[in-house]
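Numbering (the numbering used here), first residue to last: 22 to 409. All C-beta atoms, glycine included, are put in the ideal place defined by N, C-alpha and C. Worksheet: one structure, shown below.
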Amino acid sequence: MKKAKIAVAYSGGLDTSVIIKWLMNKYNADIITVTGNLGQKKELNGLDKKAYATGAKKVFIKDLTHEFVYEYIFPALKAGALYEQAYPLATALGRPLLAKSLVEVAQMEKATMVAHGCTGKGNDQVRFEVAIAALAPELKVIAPLRVWEFKSREEEILYAKKHNIPVAATVNSPYSIDENIWGTAIECGVLEDPMIEPPPDAYQHTVSPEEAPDSPTLVAINFKEGIPVGLDGKKLDGVELINRLNDIGAKNAIGRIDLVENRLVGIKSREVYEAPAATILYFAHTELERLTLDKAVFHYKYHVAQEYANLIYNGLWFSPLKQALDAFVDETQKSVTGMVKVKLFKGNVTVAGRSSPYSLYDSELATYTNKDKFDHNASEGFIKIYGL
22 MKKAKIAVAY SGGLDTSVII KWLMNKYNAD IITVTGNLGQ KKELNGLDKK AYATGAKKVF
82 IKDLTHEFVY EYIFPALKAG ALYEQAYPLA TALGRPLLAK SLVEVAQMEK ATMVAHGCTG
142 KGNDQVRFEV AIAALAPELK VIAPLRVWEF KSREEEILYA KKHNIPVAAT VNSPYSIDEN
202 IWGTAIECGV LEDPMIEPPP DAYQHTVSPE EAPDSPTLVA INFKEGIPVG LDGKKLDGVE
262 LINRLNDIGA KNAIGRIDLV ENRLVGIKSR EVYEAPAATI LYFAHTELER LTLDKAVFHY
322 KYHVAQEYAN LIYNGLWFSP LKQALDAFVD ETQKSVTGMV KVKLFKGNVT VAGRSSPYSL
382 YDSELATYTN KDKFDHNASE GFIKIYGL
């Protein structure tokens with residue numbers, strides 16, 4: 022009798038490392054691991070050896086960074102999607118792509134089951150399972166963290182030690198870290214108390230404002246139809262551009278986010294994020310839209326941005342609504358071309374200049390000098406009718 026095959030979304034972290042051994046024992050199945058490289062800085066070299074050493078029969082590590090940037094990050098950026106007006110959705114944006122990759126490998130390897138390492142009270146379980154159901158409803162999904170015997174990460178660490186599973190987490194440093202090119206999410210440990218300021222070791226990339234340079238850094242960001250295409254006049258691929266802004270921003274303490282957010286499952290969660298490039302690009306993109314979009318579109322797009330952010334956060338990337346909202350967003354971005362100069366200083370991003378061939382700013386209407394061409398006399402009638 023042939024063994025069952027289970028494709029596992031594998032990060033090499035504590036949960037997914039323990040999952041391999043646990044599934045092997047529980048289902049007597051061959052385990053195939055699927056890892057997506059979304060541009061994370063943590064070392065992927067050696068991850069295949071670690072998976073094999075833990076018991077995997079086959080290991081797939083796929084470089085998805087370019088697809089992630091152009092097919093997931095940039096659509097969200099163009100939409101202005103910030104969950105609860107703060108979180109740039111780095112983890113949430115990566116999940117549908119990882120689910121898609123997991124499904125592709127499962128179908129290629131003729132696996133009948135897939136598994137993930139998401140908790141039973143988190144958002145990611147919904148994102149993975151809804152995406153899998155949309156793409157391959159015939160696949161059975163296993164969520165070990167919802168059913169297994171471990172009640173804490175400390176118990177998982179002890180299990181890993183017992184079975185010689187190499188993991189980075191320790192009882193003294195129990196942070197759960199999820200990283201990709203668009204941002205890093207840090208949770209667990211002392212961060213579960215919203216009264217405790219994140220310890221310095223919680224942050225993985227950014228310096229504190231106190232450690233940042235004492236002089237500001239200026240960066241000019243070039244956009245074409247809502248997509249960043251260059252820095253300081255030099256054309257760059259999206260992946261390189263984001264990596265450069267991550268480095269520049271991290272050195273200037275940009276992108277630290279400490280947020281108590283509303284999870285999809287109905288509880289509040291304290292999350293700490295680092296997203297230097299995302300913070301800079303969202304700010305610059307909005308400033309360019311202020312210059313190039315008319316008032317009605319700019320104001321209405323704010324509502325679309327919130328809907329788009331909720332859609333991503335709630336795991337509905339592969340949905341008709343997302344496609345419909347994309348059509349609206351793409352139409353608004355036709356004029357969002359130009360340059361925004363930003364000043365980065367000790368954790369703050371401010372605008373230092375902006376220009377666009379589609380600018381709706383008219384200095385002769387806005388000025389209070391003798392070059393003013395605005396018809397002040399027209400205002401009296403306007404105010405009377407408006408006041409009615």
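On the criterion of 16 or more Cβ atoms from any shown chain inside 10 Å, does residue i qualify as buried, or is it exposed?
i       : result
Tyr-407 : exposed
Thr-388 : exposed
Gly-254 : exposed
Ile-217 : exposed
Leu-119 : buried
Arg-211 : In the sequence under discussion, the amino acid at residue 211 is Val, which differs from the Arg named in the question. With fewer than 16 other Cβ atoms within 10 Å, it is exposed.
Ile-404 : exposed
Asn-201 : buried
Ala-206 : buried
Given a cut-off of 7 angstroms, decide if residue j and residue i are closer than it, judged by their beta-carbon atoms.
i       : j       : result
His-226 : Glu-130 : no
Gly-60  : Thr-37  : no
Leu-160 : Ala-330 : no
Ala-127 : Ala-28  : yes
Val-361 : Ile-242 : yes
Lys-79  : Ile-53  : yes
Ser-122 : Gly-76  : no
Lys-367 : Ala-233 : yes
Arg-116 : Arg-148 : yes
His-324 : Leu-98  : no
Lys-26  : Ala-154 : no
Arg-375 : Leu-312 : yes
Lys-392 : Glu-385 : yes
Val-357 : Gly-247 : yes
Pro-187 : Lys-71  : yes
Pro-249 : Gly-276 : no
Gly-33  : Ala-111 : no
Ile-333 : Ala-113 : yes
Val-39  : Phe-81  : no
Pro-301 : Gly-270 : Sequence inspection shows Ile at residue 301; the Pro mentioned does not correspond to that position. The answer is yes: Cβ separation under 7 angstroms.
Arg-291 : Asn-144 : no
Pro-341 : Val-281 : no
If you reduce the DSSP assignment to three classes, tell me which class residue i lands in.
i       : result
Ser-380 : coil
Lys-71  : helix
Leu-339 : With the sequence shown as reference, residue 339 is identified as Phe, and Leu is not the correct amino acid for it. Phe-339 falls in the coil class under three-state DSSP.
Thr-238 : strand
Gly-287 : coil
Tyr-91  : helix
Tyr-104 : strand
Trp-43  : helix
Between the options, which has its C-alpha nearest residue i's C-alpha?
i       : options                               : result
Phe-89  : Lys-392, Val-363, Asn-369 and Trp-338 : Trp-338
Ala-373 : Ala-132, Asn-46, Leu-239 and Leu-114  : Leu-239
Tyr-224 : Asp-69, Leu-302, Val-293 and Val-211  : Val-293
Ala-299 : Ala-274, Leu-266 and Leu-314          : Leu-266
Lys-47  : Thr-205, Ala-136 and Pro-187          : Ala-136
Ser-236 : Asn-335, Leu-365, Ala-50 and Glu-125  : Leu-365
Lys-289 : Asp-393, Ser-173, Leu-179 and Glu-208 : Glu-208
Thr-353 : His-320, Leu-332, Lys-182 and Tyr-382 : His-320
Asn-273 : Gln-146, Ser-377, Asn-369 and Phe-171 : Asn-369
Pro-96  : Asp-145, Ala-326 and Ser-197          : Ala-326
Asp-222 : Pro-215, Ser-197 and Lys-245          : Ser-197
Lys-355 : Asp-69, Lys-245, Gly-67 and Tyr-91    : Lys-245
Pull up the DSSP beta-bridge partners for residue i, would you.
i       : result
Lys-83  : Gly-57
Pro-249 : Phe-244
Glu-292 : Leu-280
Ser-197 : Glu-208
Lys-24  : Partner(s): none; Lys-24 has no beta bridge.
Ala-424 : The question about residue 424 has no answer, for the chain in this structure spans 22 to 409.
Lys-161 : Met-134
Val-363 : Val-240 and Val-372
Lys-447 : Outside the displayed span of the chain (22 to 409) sits residue 447, for which this structure offers no information.
Return yes when the C-beta of residue i is under 6 angstroms from any heavy atom of the ligand NAD, and no when it is not.
i       : result
Tyr-407 : This structure does not include the ligand NAD; it has no bound ligands of any sort.
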